[in-house]
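Chains A and B supply the protein sequences, listed in that same order. Be aware that the first sequence starts at 1, since it is given in the numbering used here, and climbs by one per residue. Be aware that the second sequence starts at 1001, since it is given in the numbering used here, and climbs by one per residue.
2 protein chains.
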Amino acid sequence: MDPHLLRTFVAVARLASFSEAARELGYTQSAVSQHIAALEQDLGAPLLTRRPVTPTAAGERLLEHAAPLLLRLDAARADVTRIAAAPAYGLTLAASPTALGARVLAALPPAGVTLRVVARADVPAAVATGTAEIGLVDGLAAPSDPLRLPDVAPLTTHGVSEEPVGVLFPDGHPLAGRDAVRLADLADARWIDAPDTALPLPHLRAANGGHGFRPALRYEGVDVRMLTALVAAGHGLALLPCSAGEGAAGVRVVPLGAPRVVHRVECVYAGVPAGAAGELVGALG
Amino acid sequence: MDPHLLRTFVAVARLASFSEAARELGYTQSAVSQHIAALEQDLGAPLLTRRPVTPTAAGERLLEHAAPLLLRLDAARADVTRIAAAPAYGLTLAASPTALGARVLAALPPAGVTLRVVARADVPAAVATGTAEIGLVDGLAAPSDPLRLPDVAPLTTHGVSEEPVGVLFPDGHPLAGRDAVRLADLADARWIDAPDTALPLPHLRAANGGHGFRPALRYEGVDVRMLTALVAAGHGLALLPCSAGEGAAGVRVVPLGAPRVVHRVECVYAGVPAGAAGELVGALG
DNA sequence: TCTTCTTACGCTCGGCGTAAGTATC
DNA sequence: GATACTTACGCCGAGCGTAAGAAGA
Chain A
1 MDPHLLRTFV
11 AVARLASFSE
21 AARELGYTQS
31 AVSQHIAALE
41 QDLGAPLLTR
51 RPVTPTAAGE
61 RLLEHAAPLL
71 LRLDAARADV
81 TRIAAAPAYG
91 LTLAASPTAL
101 GARVLAALPP
111 AGVTLRVVAR
121 ADVPAAVATG
131 TAEIGLVDGL
141 AAPSDPLRLP
151 DVAPLTTHGV
161 SEEPVGVLFP
171 DGHPLAGRDA
181 VRLADLADAR
191 WIDAPDTALP
201 LPHLRAANGG
211 HGFRPALRYE
221 GVDVRMLTAL
231 VAAGHGLALL
241 PCSAGEGAAG
251 VRVVPLGAPR
261 VVHRVECVYA
271 GVPAGAAGEL
281 VGALG
Chain B
1001 MDPHLLRTFV
1011 AVARLASFSE
1021 AARELGYTQS
1031 AVSQHIAALE
1041 QDLGAPLLTR
1051 RPVTPTAAGE
1061 RLLEHAAPLL
1071 LRLDAARADV
1081 TRIAAAPAYG
1091 LTLAASPTAL
1101 GARVLAALPP
1111 AGVTLRVVAR
1121 ADVPAAVATG
1131 TAEIGLVDGL
1141 AAPSDPLRLP
1151 DVAPLTTHGV
1161 SEEPVGVLFP
1171 DGHPLAGRDA
1181 VRLADLADAR
1191 WIDAPDTALP
1201 LPHLRAANGG
1211 HGFRPALRYE
1221 GVDVRMLTAL
1231 VAAGHGLALL
1241 PCSAGEGAAG
1251 VRVVPLGAPR
1261 VVHRVECVYA
1271 GVPAGAAGEL
1281 VGALG
């Protein structure tokens, strides 16, 4: 189970071609073939069907393992080299789209910051592999409960802020005038699943015993104004941190009452941040 | 970052000796030396001090990564081979000590079961590496919230039961007569930390903002009667699922009121369990 | 001086590329 | 027959063991 073989395997599976993978990895097609053969012999099971090139059941399982495995490997290398490496000028901050509140923006140093917005699930990976010094992730959680982040590496996390979440209604919706709504009443409403912009629906579905909260529309963009426009147009409801939805035209934000969930932002970093990173972490703390 | 090198590194670090590690791994001392040298050159930083053999700062970081990495590697191999392997006779169940309630015991098939009690954190690993077909873990969680398990591999989890938790008081304790207690009132009480028998204190400390719940005594055994005896002798309080503490002499179990936490048991397995394992999962579901 | 890690050196085996073989479309 | 994976084979380098060297207790 050499990582090289694993890397080759995922490339072949992704590209559905030995020769394409060879091109991408800088090997000959023959070498790729031998890699796969070695893996299959090692594990004692065929991993790919040839012609067409498709993972077998065993290959599917291996694929599920391979990505986090290779990620951890990169994370380990980054973590070790980080200690020896000279601290670069500048500071890169990886953040999920709705994690950047006013508080964070105010705490940023005046110059030398790169802000990299990535999908929620990729923030820990970015920090672990050293792509960013600091990460900011947001998500839904019970009050003062930590977020459930994928553990790609031993990272330190750190609550930055919590604020109530609200449901985004179009103006004129029968519930739009309420002071608060209960989530249970909305399980069967039309919802917009906007995993990169709003708060993720699967979390609500899980909290509701796996039922309800089926998306009527999926929005894969990252623009909050687009999302509010979709809600205003009646395509469905969305869940947002209250502050993110205020002031938009054609929509109303109604705070969520019943299940006590909050929008929580966490700061994540590896080891002991130094220099500008350390100051920012301190300012956020 | 060959896994072999990593394995050698952890062995050397654990044994604090190149030659001991060589013996254990079936290499010559020279090969071990070369392994470490290769790792250090690859990562560009010294990982161990020699004489005495101790991990450097970089080595410490690598050690933190190495164990989960090697575990995941084993898990991947087990997961893939599991598909091809012939289903063995018998069924091995890995369980944490307080996960085995009456419901589970009743659901066990009449013969061919091996029950392996391991530490809470090792249950997912046992299932992932194929040491056990099914795992049963328990822990504290908010009602209907899943447990926070280390993700060694893509495993399926599955709530089995939830029951209230209670604080174990010695008879005559001023609070022992109450109908319910609030955890916040007990932050500064004397506690017994019995991570393998009772419910883990760190969870409570985290819920309390990192304060309080400092253990007065640590019990590393696995015997519930021993724990109740320690409580009865006034060494401290302990947190248990209510049913586990009932009927013991010299102690009273008072249900926990305020923070809504329950004792939750989850069933964990890999892939789609077949045969006896499938039946048991069904019976627990 | 003894123990323990490092370095030197030779051997073997693993792994890659070239090229020929084979199977599927 | 063209395309795409497999197998054969030779070469180079990686990695192990033996053995000598160096450094600390």
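Positions of the beta carbon are idealized from the N, C-alpha and C atoms, including for glycine.
Problem set entry | Buried versus exposed, by CB contacts within 10 Å (16 or more), A:H35 | It counts as buried.
For this session: Write down the C-beta distance between B:L1256 and B:V1167 rounded to the nearest angstrom, noting that I regard them as a contact closer than 8 Å.
Result: With 8 Å as the limit, B:L1256 and B:V1167 qualify as a contact, their Cβ atoms being about 6 Å apart.
Problem set entry | contact_flag[the stretch 1230-1242 of chain B, the stretch 1162-1176 of chain B] where n(CB pairs < 8 Å) is 3 or more | They touch, by the three-pair rule.
For this session: Taking only beta-carbon positions, decide if B:V1012 is within less than 8 Å of chain A.
Result: Closer than 8 Å: no.
Problem set entry | Delimiting residues of the alpha helix (DSSP H) encompassing A:S30 | A:S30 -> alpha helix (DSSP H) spans 29-43.
Exercise. Under three-state DSSP, which class holds B:V1123?
Worked result: In the structure shown, B:V1123 adopts helical secondary structure according to DSSP, grouped into three states.
For this session: For the stretch 35-47 of chain A, enumerate the residues whose C-beta is nearer than 7 Å to any C-beta of chain B, in chain order.
Result: Within the stretch 35-47 of chain A, the residues whose Cβ lies closer than 7 Å to some Cβ of chain B are L43, G44, A45, listed in chain order.
Exercise. Under 8 Å between C-beta atoms, does A:A31 make it to chain B?
Worked result: Judged by the 8 Å Cβ criterion, A:A31 is not in contact with chain B.
Exercise. Where DSSP assigns a beta bridge to B:C1242, which residues make up the other side?
Worked result: Partner(s): none; B:C1242 has no beta bridge.
Problem set entry | Neighbour list for A:T81 in chain B, Cβ cutoff strictly below 9 Å | Listed along the chain, the chain B residues whose CB falls inside 9 Å of the CB of A:T81 are L1043, G1044, A1045, A1058.
For this session: Provide the residue span of the beta strand (DSSP E) that contains B:P1170, from first to last.
Result: B:P1170: member of the beta strand (DSSP E) spanning 1156-1170, first to last residue.
Problem set entry | A:L43 and A:L100 closer than 8 Å at C-beta | With a cutoff of 8 Å on beta-carbon distance, A:L43 and A:L100 are scored as not near each other.
For this session: Rank A:G90, A:A121, A:L62 by C-alpha distance to the C-alpha of A:L112 and give the top, closest one.
Result: The residue asked about is misnamed: residue 112 of chain A is Gly in this sequence, not Leu. The option with the nearest alpha carbon to A:G112 is A:G90.
Exercise. Of all Cβ atoms in chain A, is any one closer than 8 Å to the Cβ of B:L1069?
Worked result: At least one CB of chain A lies nearer than 8 Å to the CB of B:L1069.
Problem set entry | Below-8 Å beta-carbon distance, A:H173 vs any chain B residue | No, A:H173 lies away from the interface with chain B (no Cβ there is under 8 Å from its Cβ).
For this session: With 8 Å as the threshold, decide whether the Cβ of B:A1277 is near any Cβ in chain A.
Result: It does not: the Cβ of B:A1277 has no partner Cβ on chain A nearer than 8 Å.
Problem set entry | Start-to-end residues for the beta strand (DSSP E) that takes in A:P46 | Annotation: A:P46 is outside any beta strand (DSSP E) and is labelled neither H nor E by DSSP.
Problem set entry | Beta-carbon proximity check, A:R82 vs A:G271, cutoff 8 Å | A:R82 places its beta carbon less than 8 Å from that of A:G271.
Problem set entry | Burial state of A:S161 (16 or more Cβ within 10 Å) | Buried.
Problem set entry | Residue-chain proximity (A:L201, chain B), Cβ-Cβ < 8 Å | So, not an interface residue.
For this session: Find out if the Cβ-Cβ distance for the pair B:L1047, B:T1056 is shorter than 8 Å.
Result: Less than 8 Å divides the Cβ of B:L1047 from the Cβ of B:T1056.
Exercise. For A:R14 versus A:L70, is the C-beta spacing smaller than 8 Å?
Worked result: Between A:R14 and A:L70, the gap from beta carbon to beta carbon reaches 8 Å or more.
Exercise. Can the beta-carbon of B:A1076 be found less than 8 Å from the beta-carbon of B:V1127?
Worked result: Taking 8 Å as the Cβ cut-off, B:A1076 and B:V1127 do not qualify as a contacting pair.
Problem set entry | Pick from A:A238, A:Y27, A:P68 that is closest to A:A194, judged by C-alpha positions | Answer by Cα proximity: A:A238.
Exercise. Going along chain B in order, which residues have a C-beta closer than 7 Å to the C-beta of A:A132?
Worked result: Per Cβ cutoff of 7 Å: no residues; A:A132 is ~18 Å from chain B at best.
Exercise. Mind pulling the chain B residues with CB within less than 9 Å of A:E64?
Worked result: The contacting residues are A1076, D1079, A1153, P1154.
Problem set entry | Where A:L204 falls: helix, strand or coil (DSSP) | Correct three-state label for A:L204: helix.
For this session: With DSSP as the reference, please indicate the residues paired to A:D138 in a beta bridge.
Result: Per DSSP, the beta-bridge partners of A:D138 are A:V265.
For this session: Identify each residue in the stretch 1222-1252 of chain B for which the Cβ-Cβ distance to at least one residue of chain A is less than 8 Å, and report them in chain order.
Result: Result list empty, no residue passes.
For this session: Give the C-beta separation of B:A1180 and B:V1261 to the nearest angstrom, bearing in mind that I take them to be a contact with Cβ-Cβ under 8 Å.
Result: 13 Å between Cβ atoms; not a contact.
For this session: Using a Cβ cut-off of 7 Å, pull out every chain B residue sitting near A:P3, in sequence order please.
Result: For A:P3, the neighbours in chain B by C-beta distance under 7 Å run, in chain order, M1001.
For this session: Identify the contact partners of A:P150 in chain B, using a Cβ-Cβ distance below 9 Å as the criterion.
Result: By Cβ distance, chain B contributes D1151.
For this session: Would you kindly work out how many angstroms separate the C-alpha atoms of B:A1153 and A:R190, rounded to a whole number?
Result: Here the alpha carbon of B:A1153 sits roughly 34 Å from the alpha carbon of A:R190.
For this session: Output yes if chain A places a C-beta closer than 8 Å to the C-beta of B:L1293; else output no.
Result: Because chain B here runs from 1001 to 1285, residue 1293 of chain B falls outside it and cannot be looked at.
For this session: Taking only beta-carbon positions, decide if A:A142 is within less than 8 Å of chain B.
Result: So, interface residue.
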